[in-house]
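Trainee: Numbers 1 to 185, taken from the UniProt record's numbering, label the letters of the sequence shown in order. All residues carry an ideal CB built from backbone N, CA and C; glycine is no exception.
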Amino acid sequence: MMDATSSDNSKSPSWDGWNSNIKNFGLELQVPYAQYLLDGTKSIETRGYPLPDALLSKRIDVLESKKGVDGVSSVPDRVLLTSHTSADADGPSTTMLHRRGWITITHCFRYKTREQFVADAHKHLVDITSGYGWSDAQPMYGWVVGSYGLYDNNDDKEKNEDDCVECIAERRMRSLFEITENRSS
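What follows is the structure, given as structure tokens:
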């Protein structure tokens with residue numbers, strides 16, 4: 001596990017690494033919001049920061065975590081990924097993420113008023129009274145979902161043809177993780 005103060009997990013939106021065509025990234029979401037993004041129920045993801053421009057229209061894996069305390073990630077900065085078929089009915093274990101599917105974000109905007117945020121409640125599904133709700137003291141951004149898809153058993157099998165391959169997610173900025181494959185010898 002990496003030190004939470006490590007500069008590797010606090011990249012800025014202008015970090016050159018976001019521009020890489022060979023890097024894969026994932027977005028952590030708690031149960032049940034990962035599923036809501038992947039079935040189209042939730043069409044706007046809300047965050048307190050803008051999506052790095054280099055990730056706009058790029059496929060981003062949806063990494064599901066267990067429900068926790070609002071605004072506090074229970075996921076370590078470096079964690080093993082599981083496929084959706086290996087998680088229990090309540091989602092992944094506390095210290096794991098599982099790769100449920102993917103999304104693209106078409107654009108990102110800043111909510112300027114509480115009224116604007118409330119008007120979009122049917123799109124982002126955030127209760128205004130929750131820890132993720134509107135705050136006059138903090139900026140709030142909407143990430144508009146373009147396309148989305150679930151990984152099915154066949155996708156998992158193709159990704160994991162070699163039993164010696166495991167995927168690791170390493171936090172790069174808040175809920176954004178870089179996904180890498182570690183091959184055992």
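Looking only at its own chain, which residues have a Cβ that is under 6 Å from the Cβ of R47, when we skip the five neighbours before and after it?
Mentor: If you number the sequence shown from 1, residue 47 lands on position 47. Excluding residues within five positions, the ones whose Cβ falls inside 6 Å are Y141.
Trainee: Between the Cα of A54 and those of G17, E64, E115, spot the shortest distance and give me the residue it belongs to.
Mentor: The count along the sequence shown starts at 1 and reaches residue 54 at position 54. Cα-wise, what sits closest to A54 is G17.
Trainee: Judging by CA-CA distance, which residue of A119, G146, T104 is the nearest neighbour of Y111?
Mentor: Locating residue 111 in the sequence shown gives position 111, where the first residue counts as 1. Comparing Cα positions, the closest option is A119.
Trainee: To the nearest angstrom, report how far apart Q116 and T41 are at their CA atoms.
Mentor: Along the sequence shown, read from residue 1 onward, the residue named residue 116 stands at position 116. Along the sequence shown, read from residue 1 onward, the residue named residue 41 stands at position 41. Q116 and T41: Cα-Cα distance of roughly 19 Å.
Trainee: Please report how far the alpha carbon of G149 lies from the alpha carbon of I105, in whole angstroms.
Mentor: As a first step, residue 149 must be located in the sequence shown, where it is residue number 149. As a first step, residue 105 must be located in the sequence shown, where it is residue number 105. So the alpha carbons of these two residues sit roughly 13 Å apart.
Trainee: Look at the alpha carbon of N182 and the alpha carbon of D136, and state the distance between them as a whole number of angstroms.
Mentor: Here residue 182 refers to the residue found at position 182 when the sequence shown is read from its first residue. Here residue 136 refers to the residue found at position 136 when the sequence shown is read from its first residue. Going by the C-alpha atoms only, they are around 43 Å apart.
Trainee: Let me confirm a value: S175 is counted as buried when at least 16 other C-beta atoms fall within 10 Å, else exposed. Which label applies?
Mentor: On the sequence shown, residue 175 is found 175 positions in, with the first residue counted as 1. S175 should be labelled buried.
Trainee: Around the Cβ of I128, are there at least 16 other Cβ atoms within 10 angstroms (buried) or fewer (exposed)?
Mentor: If you number the sequence shown from 1, residue 128 lands on position 128. Exposed is the call here.
Trainee: Could you compute how far the alpha carbon of S147 sits from the alpha carbon of G26?
Mentor: Looking up residue 147 in the sequence shown gives position 147. Looking up residue 26 in the sequence shown gives position 26. Roughly 15 Å separates the two Cα atoms.
Trainee: Measure the alpha-carbon distance for S57 versus R171 and round it to whole angstroms.
Mentor: As a position in the sequence shown, residue 57 is number 57, starting the count at 1. As a position in the sequence shown, residue 171 is number 171, starting the count at 1. Taking the straight line from one Cα to the other gives about 20 Å.
Trainee: Which term fits S86, buried or exposed, when burial requires 16 or more other beta carbons within 10 angstroms of its beta carbon?
Mentor: Counting from one through the sequence shown, the residue named residue 86 turns up at place 86. Model confidence at S86 stands at a pLDDT of 47, short of 50, so the residue's coordinates are unreliable and nothing is read from them.
Trainee: With DSSP collapsed to three states, give me the class of E181.
Mentor: Taking the first residue of the sequence shown as position 1, residue 181 is located at position 181. In this structure, E181 counts as strand in the three-state DSSP scheme.
Trainee: Taking DSSP as the reference, what is the three-state secondary structure of W143?
Mentor: As a first step, residue 143 is located in the sequence shown; it is residue number 143 there, counting from the start. Three-state result, W143: strand.
Trainee: For the alpha helix (DSSP H) that R114 lies in, which residues bound it at each end?
Mentor: Working through the sequence shown from its first residue, we reach residue 114 at position 114. Counting along the chain, the alpha helix (DSSP H) containing R114 begins and ends at 114–119.
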